[in-house]
Amino acid sequence: MGRDAFFDLLRRNKLLVRKLKRNVYTTMSKHHFRRYPNLAKDFTPLKAHELWVADITYIPTKHRHAYLFLITDAYSRKIVGFHLSDDMK
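See below:
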């Protein structure tokens with residue numbers, strides 16, 4: 562019996578345990594802070610280190626989540642800096 566047939570059998574007999582997934586909301590769109598324009602929207606870098614972009618990634622851990630801050634070179638797409646933290650300070 563293959564994997565899919567096995568899971569179908571479990572599902573038909575109500576033996577399949579569903580995974581509980583909590584939604585993690587990482588963006589608060591309605592806030593009072595000023596929204597800044599994207600100054601690099603129409604800019605295409607022609608060589609490395611002309612444009613760096615920043616990003617924040619949320620990494621789930623056992624009890625909370627961590628924040629990974631990345632600075633990336635837009636031309637080479639290499640990470641030029643990072644910081645891992647348990648808060649956004």
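All residue numbers for the sequence shown refer to our numbering, where the first residue is 562 and numbers rise by one.
Where is the CB? At the ideal position from N, CA and C, for every residue including glycine.
These numbers were taken from a predicted model, which means no experiment stands behind them.
Given this structure, state the Cα-to-Cα distance separating A627 from I620, to the nearest angstrom. Along the sequence shown, read from residue 1 onward, the residue named residue 627 stands at position 66. Along the sequence shown, read from residue 1 onward, the residue named residue 620 stands at position 59. A627 and I620: Cα-Cα distance of roughly 5 Å.
Quick check on DSSP: helix, strand or coil for F643? Locating residue 643 in the sequence shown gives position 82, where the first residue counts as 1. Correct three-state label for F643: strand.
Which residues does DSSP list as the beta-bridge partners of A615? Stepping through the sequence shown from its first residue, residue 615 is reached at position 54. A615 pairs with I632.
Rounded to a whole number of angstroms, what is the C-alpha to C-alpha distance between K602 and A635? Stepping through the sequence shown from its first residue, residue 602 is reached at position 41. Stepping through the sequence shown from its first residue, residue 635 is reached at position 74. Rounded to the nearest angstrom, the two C-alpha atoms are 12 Å apart.
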